[in-house]
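For the record, in the sequence shown the residue sitting at position 89 is 89 according to UniProt numbering, with numbers rising by one throughout.
Using N, Cα and C, we set each Cβ at its ideal position, and we do this for glycine too.
What follows is a set of notes on a single structure, which appears directly below.
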Amino acid sequence: MKISALLTSAGINIGLCVLFLSLYSVLRKQPANVRVYFGRRIAEENERLRGAFILERFVPSTGWIVKALQCTEEEILAAAGLDAVVFNRILVFSIRIFSLAALLCVFGILPLNYFGKDIKHVRIPSESLDIFTIGNVEVRSRWLWVHCVALYIVSGVACILLYIEYKHIARLRLLHLTSATPNPRHFTVLVRGIPKTAKESCSDVVDDFFTKYHSSSYLFHQVVYKVGKVQKIMTGAKKAYTKFKHFTDETVDQGCRTITYRCCLCGTSSNSFKLLNTECEQNRGKTGNESSLRLDDEECTAAFVFFKTRYAALVASEILQTSNPMKWVANLAPEPEDVYWSNLWLPYKQLWIRRIATLIGSIVFMFLFLIPVTFIQGLSQLEQLQQRLPFLRGILKKKYYMTQLVTGYLPSVVLQIFLYTVAPIMMLFSTLEGPTSHSERKRSACCKVLYFTVWNIFFVNVLSGTVLSQLNVLSSPKDIPIQLARAVPGQATFFITYVLTSGWASLSSELMQLFGLIWNFIRKYVLRMREDTEFVPSFPYHTEVPKVLLFGLLGFTCSVLAPLILPFLLVYFFLGYVVYRNQLLNVYRTRYDTGGLYWPIAHNTVIFSLVLTQVICLGVFGLKESPVAAGFTIPLIILTLLFNQYCRNRLLPLFRTFPAQDLIDMDREDERSGRIDEIHHRLHSAYCQFPDTEDVPLEKIKIIGGDEEQGSSSGESTGKETREDPKRDLSHPTLKGLPVSRLRHVVKSITFLIRLQKRGLSE
Numbered sequence: 001m002k003i004s005a006l007l008t009s010a011g012i013n014i015g016l017c018v019l020f021l022s023l024y025s026v027l028r029k030q031p032a033n034v035r036v037y038f039g040r041r042i043a044e045e046n047e048r049l050r051g052a053f054i055l056e057r058f059v060p061s062t063g064w065i066v067k068a069l070q071c072t073e074e075e076i077l078a079a080a081g082l083d084a085v086v087f088n089r090i091l092v093f094s095i096r097i098f099s100l101a102a103l104l105c106v107f108g109i110l111p112l113n114y115f116g117k118d119i120k121h122v123r124i125p126s127e128s129l130d131i132f133t134i135g136n137v138e139v140r141s142r143w144l145w146v147h148c149v150a151l152y153i154v155s156g157v158a159c160i161l162l163y164i165e166y167k168h169i170a171r172l173r174l175l176h177l178t179s180a181t182p183n184p185r186h187f188t189v190l191v192r193g194i195p196k197t198a199k200e201s202c203s204d205v206v207d208d209f210f211t212k213y214h215s216s217s218y219l220f221h222q223v224v225y226k227v228g229k230v231q232k233i234m235t236g237a238k239k240a241y242t243k244f245k246h247f248t249d250e251t252v253d254q255g256c257r258t259i260t261y262r263c264c265l266c267g268t269s270s271n272s273f274k275l276l277n278t279e280c281e282q283n284r285g286k287t288g289n290e291s292s293l294r295l296d297d298e299e300c301t302a303a304f305v306f307f308k309t310r311y312a313a314l315v316a317s318e319i320l321q322t323s324n325p326m327k328w329v330a331n332l333a334p335e336p337e338d339v340y341w342s343n344l345w346l347p348y349k350q351l352w353i354r355r356i357a358t359l360i361g362s363i364v365f366m367f368l369f370l371i372p373v374t375f376i377q378g379l380s381q382l383e384q385l386q387q388r389l390p391f392l393r394g395i396l397k398k399k400y401y402m403t404q405l406v407t408g409y410l411p412s413v414v415l416q417i418f419l420y421t422v423a424p425i426m427m428l429f430s431t432l433e434g435p436t437s438h439s440e441r442k443r444s445a446c447c448k449v450l451y452f453t454v455w456n457i458f459f460v461n462v463l464s465g466t467v468l469s470q471l472n473v474l475s476s477p478k479d480i481p482i483q484l485a486r487a488v489p490g491q492a493t494f495f496i497t498y499v500l501t502s503g504w505a506s507l508s509s510e511l512m513q514l515f516g517l518i519w520n521f522i523r524k525y526v527l528r529m530r531e532d533t534e535f536v537p538s539f540p541y542h543t544e545v546p547k548v549l550l551f552g553l554l555g556f557t558c559s560v561l562a563p564l565i566l567p568f569l570l571v572y573f574f575l576g577y578v579v580y581r582n583q584l585l586n587v588y589r590t591r592y593d594t595g596g597l598y599w600p601i602a603h604n605t606v607i608f609s610l611v612l613t614q615v616i617c618l619g620v621f622g623l624k625e626s627p628v629a630a631g632f633t634i635p636l637i638i639l640t641l642l643f644n645q646y647c648r649n650r651l652l653p654l655f656r657t658f659p660a661q662d663l664i665d666m667d668r669e670d671e672r673s674g675r676i677d678e679i680h681h682r683l684h685s686a687y688c689q690f691p692d693t694e695d696v697p698l699e700k701i702k703i704i705g706g707d708e709e710q711g712s713s714s715g716e717s718t719g720k721e722t723r724e725d726p727k728r729d730l731s732h733p734t735l736k737g738l739p740v741s742r743l744r745h746v747v748k749s750i751t752f753l754i755r756l757q758k759r760g761l762s763e
């Protein structure tokens, strides 16, 4: 690729960025888009934008950039949680290290690469990008020691900054633990693999076990039931039925007419109270035990166990409960809003099979993705493209700008389109693994997406070829450094265009919220639906963290070998620093938080990037026959690995568990202040599995007169139902305390299930 093709790609992306940023600064001021661009603030602060015509609303401005830059780390922590702070620190670390690398390598190494060989240079726009890489340096050049010194400086400063950030985030994690309000998860242990017995229910088994072996610290427990959409409907319907089954026809107001509902699936009508009365008549002859709701049959082998102190819960989660490690498995419970209820009923003994299956599926998907990547790699090489598609020869030869567009812009765009399918598939794999929390599922998907992108974007493009050629490279590990040393400098051009397309353009798209903007327009003006004030998206850490870390990997590996990529990376990190801060403060809502557990992922990725860079440079120095530079690179690899081991021993344990010293101090402080009883009382309602199907308090039933509004027909009743104000807590005249909206929901659920049952019996 020539410099002119690179400039074409850069010009297209710069134009798109300027266009999107200008559109964003205008669209964010429109009252119709307030839910798209200020979802978090609207949901949490109940702010509103003025709807009057103001000329300023239609003029692009930069005020949002100033507000994003002025926001402090404390404000981000309060608004978006510790994970947002960790993500922000990853960007800060990248800006610092690559600013130094850009100054050092662009002004120190780039001229050496350009004048590395005694050749006749042409105008810079017509020069090939390979001229600016280490591949242009002659064999046994006496200037290779400059590359080695630059490698030492970049690696050393990266380790120092990495350690500073690691300590800072570890301190924030401890402050988050000690300064926060009492968290129910610190007193709660999730127990799985509970053995079932025929004589006792799961609840009795849990109570007997913890009363016997943790009598001094055990408080109470809450059994988890099988969950699912149908199960939730059935549970709500059965609970409502237990309220109605004791009522006779004389109990219900005789003047209350039944309402006819039309099923949205089959189109038939159903009579609300006739169904309930029919069910009551059918169950009058049965005993109370047969007609009552039996939740014991729905219990699964998992339970939340609550302890009196934080330290007791920590000890119970760390020790082995029995001699069988597959039974009575205890771990600290996730936060109540973070619990992934759909996976708690999965048998614990199935989890290892699920993890192996998802691992195999992820590997198969990674190799299947080689097909589009190989095709895309051919687009960046004009000769191969003309051989495979002969009809393009005339077009590419006659029109020069088409050649620049195809080789400089098209490959990265096509690759980005294929990459949009990766995150949903990896999220599906992470769900099938059986995580117990939403944050664990997203963190697992983050790791999978990271491994996938590093393999397919870096290694597959560097070692470009078919699947068989990839396997041949992997079959001889000792040749990998030499293969990488030969290939990385030549692929620097593709990486630069990838940064432009996947970096700059994706940030502009993220700021614009294109999908949210289109859906908001369809919802309001096409479907005429009301605004959903409750739904606010959460930040997609599983896609954005791997993207930032991948660009860091590209920056480290190309900093010494092809430093021309560094200015483009710096623009991405600076722009991302502003855009992501704005999105975290205004758009996304934090429902759950991992407590900074994304930082160990970032730390390990940076260490991997440094070691990979050093190994590639070792191979390059070997190919260039520079024994001094190669000899000094080996100790650098060892020192980097030793630094990583020190961080694992010194700081990583703080991210795996909570320190007992801090927990004991917090317990003693609660006892001295008298808050411990209040905390124990709050634990009873902390983990609610079915918040929409709680028991409805019923007062004494009285016989009253007819309803004033009972003269309407079934069609009118349906119309009134749709126009009903959701904020009014209307109650049925014969069932005081039971909202009409909840009653109608239960009636619809029972009608739907009965019809499905009748269809199943008839078939």
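Subject >> Contacts around LEU549, its chain only, beta-carbon distance under 7 Å, and the 5 residues preceding and following it disregarded >> reply: In the sequence shown, residue 549 corresponds to position 549, counting from 1. LEU450, ALA602, THR605, listed in sequence order.
Subject >> Proximity of THR493 and LEU6 at Cβ, strictly below 8 Å >> reply: Residue mapping note: residue 493 aligns to position 493 of the sequence shown, counting from 1. Residue mapping note: residue 6 aligns to position 6 of the sequence shown, counting from 1. Yes.
**OP:** Could you tell me the distance, in whole angstroms, from the CA atom of LEU683 to the CA atom of PHE306?
**Re:** By 1-based counting over the sequence shown, the position of residue 683 is 683. By 1-based counting over the sequence shown, the position of residue 306 is 306. C-alpha separation (whole angstroms): 8 Å.
Original post:
Can VAL85 and LEU91 be called in contact, C-beta distance under 8 Å?
Top reply: The residue you call residue 85 lines up with position 85 of the sequence shown. The residue you call residue 91 lines up with position 91 of the sequence shown. The answer is no: Cβ separation not under 8 Å.
Subject >> Residue environment, LYS308, which counts as buried when at least 16 other CB atoms sit within 10 Å >> reply: The sequence position of residue 308 within the sequence shown is 308, counting from 1. Result: buried.
Subject >> Which listed residue (TYR592, ARG192, GLN491) has its alpha carbon closest to that of ASN324 >> reply: Counting from 1 along the sequence shown, the entry for residue 324 is found at position 324. Out of TYR592, ARG192, GLN491, ARG192 has the C-alpha closest to the C-alpha of ASN324.
Subject >> Cβ shell of LEU566 (< 7 Å), same chain only, five flanking positions each side left out >> reply: Counted from its first residue, the sequence shown places residue 566 at position 566. Cβ neighbours of LEU566 beyond the five flanking positions: PHE98, ALA101, ALA102, CYS105, VAL106, GLY555, SER559.
Subject >> Simplified DSSP state of LEU320, which is helix, strand or coil >> reply: Here residue 320 refers to the residue found at position 320 when the sequence shown is read from its first residue. Here LEU320 sits in coil by DSSP.
Subject >> Nonlocal neighbours in the same chain, by C-beta distance under 7 Å from ILE109, ignoring five residues either side >> reply: As a working mapping, residue 109 is identified with position 109 in the sequence shown. Exclusion of the five residues before and after ILE109 leaves VAL146, HIS147, ALA150, VAL560, PRO563 as the residues of its chain whose Cβ lies within less than 7 Å of its Cβ.
**OP:** Under the assumption that GLN416 contacts THR497 (Cβ atoms under 8 Å), give the Cβ distance between them as a whole number of angstroms.
**Re:** The residue given as residue 416 occupies position 416 in the sequence shown. The residue given as residue 497 occupies position 497 in the sequence shown. The distance from the Cβ of GLN416 to that of THR497 is about 11 Å, inconsistent with a contact at the 8 Å cut-off.
Original post:
Between SER317 and the rest of its own chain, which residues show a CB-CB distance below 6 Å, the 5 nearest in sequence each way excluded?
Top reply: The residue you call residue 317 lines up with position 317 of the sequence shown. Hits under 6 Å: VAL189, ALA330, ASN331, LEU332.
Original post:
From LYS547 to LEU507, what does the alpha carbon distance come to, in whole angstroms?
Top reply: Against the sequence shown, residue 547 aligns to sequence position 547. Against the sequence shown, residue 507 aligns to sequence position 507. Each residue's alpha carbon lies about 11 Å from the other.
Subject >> Boundaries (first-last residue) of the beta strand (DSSP E) holding LEU219 >> reply: Here the question's residue 219 lines up with position 219 in the sequence shown. Where LEU219 is concerned, the enclosing beta strand (DSSP E) stretches over 218 to 225.
**OP:** State the beta-bridge partners of THR188 as determined by DSSP.
**Re:** Counted from its first residue, the sequence shown places residue 188 at position 188. Note: THR188 sits in a beta bridge opposite PHE306.
Original post:
Smallest Cα separation from ILE65: which of ARG591, ILE634, LYS226, LEU585?
Top reply: Here residue 65 is taken as the residue at index 65 of the sequence shown, counted from 1. Nearest option by C-alpha distance: LEU585.
Original post:
What distance in whole Å lies between the Cβ atoms of VAL373 and VAL460, which are believed to be in contact at a cut-off of 8 Å?
Top reply: In the sequence shown, counting from the first residue as 1, residue 460 sits at position 460. In the sequence shown, counting from the first residue as 1, residue 373 sits at position 373. Yes, VAL460 and VAL373 are in contact; Cβ-Cβ is about 5 Å, under 8 Å.
Original post:
What residue range is occupied by the uninterrupted alpha helix (DSSP H) comprising LEU103?
Top reply: Position 103 of the sequence shown holds residue 103. First-last of the alpha helix (DSSP H) with LEU103: 82 to 108.
Subject >> Rounded C-alpha distance that separates residue 820 from ILE95 >> reply: A query on residue 820 cannot be resolved here, the shown segment of the chain reaching from 1 to 763 and no further.
Subject >> Short Cβ contact (8 Å threshold) for PHE539 with TYR588 >> reply: What you label residue 539 is simply residue 539 of the sequence shown in a count that begins at 1. What you label residue 588 is simply residue 588 of the sequence shown in a count that begins at 1. Yes, Cβ-Cβ distance for PHE539 and TYR588 is below 8 Å.
**OP:** Can you give me the start and stop residues for the beta strand (DSSP E) that ASN331 sits inside?
**Re:** Reading the sequence shown from its first residue, position 331 is the one you call residue 331. Per DSSP, ASN331 belongs to the beta strand (DSSP E) from 329 to 332.
**OP:** For the stretch 640 to 685, list the alpha helix (DSSP H) runs that are entirely contained and at least 4 residues long, ordered along the chain.
**Re:** 653 to 656, 660 to 673, 676 to 683
Original post:
In whole angstroms, what is the alpha-carbon distance linking GLY39 and GLY631?
Top reply: Here residue 39 refers to the residue found at position 39 of the sequence shown. Here residue 631 refers to the residue found at position 631 of the sequence shown. When rounded, the distance between both Cα atoms is 56 Å.
Subject >> Sequence-distant residues of its chain with Cβ nearer than 8 Å to VAL499 (five each side left out) >> reply: Taking the first residue of the sequence shown as position 1, residue 499 is located at position 499. Taking C-beta separations shorter than 8 Å and ignoring five residues to either side along the sequence, the partners of VAL499 in its chain run PHE551, LEU554, ILE565, PHE568, LEU569, TYR572, following chain order.
Original post:
Would ASP204 be called buried (16 or more neighbouring beta carbons within 10 Å of its own) or exposed?
Top reply: The residue given as residue 204 occupies position 204 in the sequence shown. Under this definition ASP204 is an exposed residue.
**OP:** Would you kindly work out how many angstroms separate the C-alpha atoms of ASP667 and ARG675, rounded to a whole number?
**Re:** Along the sequence shown, one-based indexing puts residue 667 at 667. Along the sequence shown, one-based indexing puts residue 675 at 675. Spanning the two alpha carbons is a distance of roughly 10 Å.
**OP:** Could you check what DSSP says for CYS688 in three-state terms: helix, strand or coil?
**Re:** Here residue 688 corresponds to residue number 688 of the sequence shown, with the count starting at 1. Reduced to three states, the DSSP call for CYS688 is coil.
Subject >> LYS624 classed as buried or exposed, judged by whether at least 16 other C-beta atoms fall within 10 angstroms >> reply: Here residue 624 refers to the residue found at position 624 of the sequence shown. Buried, by the Cβ-count rule.
Subject >> DSSP beta-bridge partners of SER437 >> reply: Looking up residue 437 in the sequence shown gives position 437. According to DSSP, SER437 bridges with VAL339.
Subject >> CYS617, buried or exposed, once every other Cβ within 10 Å from all chains shown has been counted against 16 >> reply: Walking along the sequence shown from the start, residue 617 turns up at place 617. Classification of CYS617: buried, given that the 10 Å Cβ count is 16 or more.
Original post:
Do you know offhand how far PHE521's Cα is from ASN33's?
Top reply: The residue labelled residue 521 in the question sits at position 521 within the sequence shown. The residue labelled residue 33 in the question sits at position 33 within the sequence shown. Taking the straight line joining both Cα atoms gives about 9 Å.
Original post:
Taking the alpha-carbon positions, what's the PHE418 to ALA302 distance?
Top reply: Taking the first residue of the sequence shown as 1, we reach residue 418 at position 418. Taking the first residue of the sequence shown as 1, we reach residue 302 at position 302. Spanning the two alpha carbons is a distance of roughly 40 Å.
Subject >> Buried versus exposed, by CB contacts within 10 Å (16 or more), GLY719 >> reply: Taking the first residue of the sequence shown as position 1, residue 719 is located at position 719. Only weak support exists for where GLY719 lies, its pLDDT of 40 falling under 50; the value from the coordinates is given anyway. In this structure GLY719 is exposed. Its beta-carbon is surrounded by fewer than 16 other beta-carbon atoms within 10 angstroms.
Subject >> Own chain residues within Cβ distance below 7 Å of THR358, not counting five before or after >> reply: The residue you call residue 358 lines up with position 358 of the sequence shown. Closer than 7 Å at Cβ, skipping near neighbours: PHE429, LEU432, GLU433.
Original post:
Would the beta-carbon of residue 765 fall within 8 Å of that of SER216?
Top reply: Since the first residue shown for the chain is 1 and the last is 763, residue 765 is missing from the structure and cannot be characterised.
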